[in-house]
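For reference, the structure is listed below as structure tokens.
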Amino acid sequence: MADMFEAPVWDERYSADGYLFGTRPAGFLTANVDRLTAGATALVVADGEGRNSVFLAERGLHVTAMDISSVGAAKARALAAERGVSVDVRVADVLDWPWEPEAYDLVVAVFIQFLRPEQRDEVFAGLRSTLRPGGRLLLHGYRPEQLAYGTGGPPFVECLYTEELLTTAFAGMEIERLASYDADIEEGTGHVGRSALIDLIAREPERDT
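Residue 141 is where the sequence shown starts when you use the working numbering, and the numbers rise one by one after that.
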């Protein structure tokens with residue numbers, strides 16, 4: 141299980157011509173474009189070749205993107221340059237990422253299901269800690285039913301999300317959307333076909349003054 145989550149594996153996957161997951165953003169983001177505020181600061185976690193971070197930058201957000209793969213990061217920089225936007229792309233392991241407290245208005249985590257449960261707990265805590273009061277988390281991924289579809293994602297049920305898991309992990313946040321659904325997606329060659337998806341949009345409460 142660990143091998144598929146290491147940098148050389150992703151460097152190899154991203155070394156092929158083109159973009160593994162395409163250059164269009166995840167449908168989850170386009171469906172929630174009204175939550176993207178120009179001028180806001182955003183962190184996009186494990187963004188691979190940059191499709192989601194570039195989409196945010198095109199809408200006027202100030203975007204930092206990180207990924208473990210230097211090959212993916214190079215493609216992300218190239219995509220940003222091609223689209224004429226600026227994205228601060230950093231190469232980093234999410235487990236070593238310095239979660240700056242209350243640094244971002246928006247945190248986006250799309251298909252980051254490459255962690256063991258104990259690692260996931262650590263990263264989820266980081267996602268929340270780096271949000272400013274009033275900031276939003278946009279989290280999108282696969283449910284356990286995805287294993288039967290086999291159209292993307294890790295083949296390990298313990299890496300997949302349920303509504304109960306996300307409700308528990310982000311207890312104390314204001315849940316604006318928590319939805320499980322099946323849909324046909326086409327994102328490059330990496331995610332194609334019927335998929336068991338789950339969305340979480342949650343807001344960090346404002347502090348009492």
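Note that the Cβ used here is the ideal one computed from N, Cα and C, for glycine as well.
These numbers were taken from a predicted model, which means no experiment stands behind them.
- DSSP places residue 256 outside both helix and strand once states are collapsed to three, so it counts as coil.
- The continuous stretches of alpha helix (DSSP H) do not include residue 184, which lies in the beta strand (DSSP E) extending over residues 181–185.
- A Cβ-Cβ separation of about 7 Å places residue 251 in contact with residue 280 under the 8 Å criterion.
- Rounded to whole angstroms, residue 332 and residue 283 show a C-alpha spacing of 16 Å.
- The beta-carbon separation of residue 227 and residue 190, rounded to 7 Å, stays under the 8 Å limit for a contact.
- Spatial neighbours of residue 316 in its own chain (CB-CB distance under 7 Å, excluding positions within 5 residues in sequence) are listed in chain order as 341, 342, 343.
- The segment 257–277 makes no contact with the segment 206–225: fewer than 3 CB pairs, one atom from each, lie closer than 8 Å.
- The three-state secondary structure of residue 156, taken from DSSP, is coil.
- The three-state reading of DSSP puts residue 335 in strand, counting E and B together.
- Residue 289 has no beta-bridge partner at all, per DSSP.
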